[in-house]
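Protein chains in written order, with this note's numbering: chain A, -17 to 108; chain B, 56 to 269.
Every residue, glycine too, gets a C-beta built ideally from N, C-alpha and C.
Fair warning: this is a prediction, and the values are worked out from it, not measured in the lab.
These notes concern the structure reproduced below.
Next comes the structure, spelled out in structure tokens:
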């Protein structure tokens, strides 16, 4: 699971959950991998408009991979390639292989196994 | 940056994608035929620029042939979604074989995607070969199509039985989308109808492209 995916996942389909975002990532350090993905500044800049940056920063920090990433969005982010490259790294190159995503409101844990988060609910949760 | 793959290279790559070992009949699992996947993906890129540099989703991805094809054709980032763990394990292995690092997989129920989803309007292109609704799940093809239209901010490319064409047009209109038929195809699907004795049945399938009515 990449952090770009984590930034889109919510538990708000669970009955009674209002926001369900962001999900807390719980993952052992040795189950987090770094992969190389081509950097496309235009794409990253476009993504910046859709992202919840705070959630992205917190997720990276939780995984111990936030070094160099500014805590807040820089004002000139659209043209700041240095910033965009750091965002790209965190967004696309960090992959959680094993762990859990925990709902902030109910504590319900969604497992991540072999890099795939399982967001399926049981019948009584919907 | 990815180099432009030629149609021949794409075709042979897609032929190499591993398919279902034990397809689940109740989920209508079968791999989109490689040659047909190749034709559709290659053409939506060359005609409409639907893939290169784009954010793409593959709903009901199964073994991942459409996701892999999209990535090979230059998609920036692909999200592969399916309900079945076994299919997704095959998908994951395929992606690893091809050494593609820009495809992420999520196990979820596509039909539960609604307007509260953070995925809404995130994607440039959503591609799907949905279940056709022949196994006690009528309407599932339209449920998939509706989800796809919620997720995409531009194109939706989908396969539907030719027999459902009028219904497809109606749904498209309801969702405020224009629909173009891209191709008429024949799919060989295994064991689609319980009352038929045939192992494989050839069905008429159309490929449609939906875009928002601006």
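Subject >> Distance CB(residue 96 (chain B))-CB(residue 124 (chain B)) smaller than 9 Å >> reply: Position 41 of the second chain, counting from 1, holds the residue named residue 96 (chain B). Position 69 of the second chain, counting from 1, holds the residue named residue 124 (chain B). Against a cut-off of 9 Å, the Cβ pair of residue 124 (chain B) and residue 96 (chain B) comes out as a contact.
Original post:
Between residue 173 (chain B) and chain A, is there a C-beta pair that is closer than 9 Å?
Top reply: As a first step, residue 173 (chain B) is located in the second chain; it is residue number 118 there, counting from the start. Yes, contact with chain A.
**OP:** Select from B:127, B:142 and B:223 the residue whose C-alpha is nearest the C-alpha of residue 154 (chain B).
**Re:** As a working note, residue 154 (chain B) is residue 99 in the second chain. Looking at the Cα atoms, B:127 is the closest of the given residues.
Subject >> Three-state secondary structure (DSSP) of residue 43 (chain B) >> reply: Summary: the structure shown does not reach residue 43 (chain B), with chain B confined to residues 56 through 269, and so no result is reported for it.
**OP:** Report yes or no: is there a C-beta of chain B within less than 9 Å of the C-beta of residue 108 (chain A)?
**Re:** The residue labelled residue 108 (chain A) in the question sits at position 126 within the first chain. Output row for residue 108 (chain A): interface = yes.
**OP:** Determine which residues share a DSSP beta bridge with residue 257 (chain B) and list them.
**Re:** Translated into positions along the second chain, residue 257 (chain B) becomes position 202. In the DSSP assignment, the residues bridged to residue 257 (chain B) are B:243.
Original post:
Span of the alpha helix (DSSP H) holding residue 30 (chain A)?
Top reply: As a working note, residue 30 (chain A) is residue 48 in the first chain. It spans 23 to 30 - the alpha helix (DSSP H) in which residue 30 (chain A) sits, taken as one unbroken run.
**OP:** With a threshold of 16 other CB atoms inside 10 Å of the CB of residue 79 (chain B), please say whether the residue is buried or exposed.
**Re:** Your numbering for residue 79 (chain B) matches position 24 in the second chain. Counting Cβ neighbours within 10 Å, residue 79 (chain B) comes out exposed, since fewer than 16 surround it.
**OP:** Look at residue 227 (chain B) and residue 259 (chain B) and say whether their C-beta atoms are less than 9 Å apart.
**Re:** Here residue 227 (chain B) refers to the residue found at position 172 of the second chain. Here residue 259 (chain B) refers to the residue found at position 204 of the second chain. Residue 227 (chain B) places its beta carbon 9 Å or farther from that of residue 259 (chain B).
**OP:** Can you grab the Cα-Cα spacing for the pair residue 136 (chain B) / residue 90 (chain B), in whole Å?
**Re:** Counting from one through the second chain, the residue named residue 136 (chain B) turns up at place 81. Counting from one through the second chain, the residue named residue 90 (chain B) turns up at place 35. Per the coordinates, the alpha-carbon of residue 136 (chain B) lies some 22 Å from the alpha-carbon of residue 90 (chain B).
**OP:** With 8 Å as the limit, tell me which residues of the stretch 85 to 101 of chain A have their beta carbon closer than that to any beta carbon of chain B; keep them in chain order.
**Re:** Those would be 96, 97, 98, 99, 100 and 101, in chain order.
Original post:
Going along chain A, which residues have a C-beta under 9 Å from residue 161 (chain B)?
Top reply: In the second chain, the residue the question calls residue 161 (chain B) occupies position 106. Ordered by position in chain A, the residues that pass the 9 Å Cβ test against residue 161 (chain B) are -17, -13, -10, -9, 98, 99, 100 and 101.
**OP:** Say whether chain A places a C-beta atom closer than 9 Å to the C-beta of residue 84 (chain B).
**Re:** Against the second chain, residue 84 (chain B) aligns to sequence position 29. Taking 9 Å as the CB threshold, residue 84 (chain B) stays off the interface with chain A.
Original post:
Got a sec: is the Cβ-Cβ distance from residue 73 (chain B) to anything in chain A below 9 Å?
Top reply: For this step, residue 73 (chain B) is matched to residue 18 along the second chain. Among the residues facing chain A, residue 73 (chain B) is not included, as its CB has no counterpart in that chain under 9 Å away.
Original post:
Does residue 268 (chain B) come within less than 9 Å of chain A when only Cβ atoms are used?
Top reply: As a working mapping, residue 268 (chain B) is identified with position 213 in the second chain. It does not; no Cβ of chain A falls within 9 Å.
**OP:** Report yes or no: do three or more beta-carbon pairs, one from the stretch 50 to 58 of chain A and one from the stretch 5 to 17 of chain A, lie closer than 8 Å?
**Re:** By the Cβ criterion, the stretch 50 to 58 of chain A is not in contact with the stretch 5 to 17 of chain A, since fewer than three pairs of Cβ atoms, one from each stretch, lie closer than 8 Å.
Original post:
Going by Cα to Cα distance, which pick from B:62, B:69 and B:256 is closest to residue 152 (chain B)?
Top reply: As a working mapping, residue 152 (chain B) is identified with position 97 in the second chain. Measuring from the Cα of residue 152 (chain B), the nearest candidate turns out to be B:69.
Original post:
Of all the residues that make up the stretch 19 to 32 of chain A, which are near chain B by a beta-carbon distance shorter than 7 Å?
Top reply: Residues 19, 20, 22, 25 and 32.
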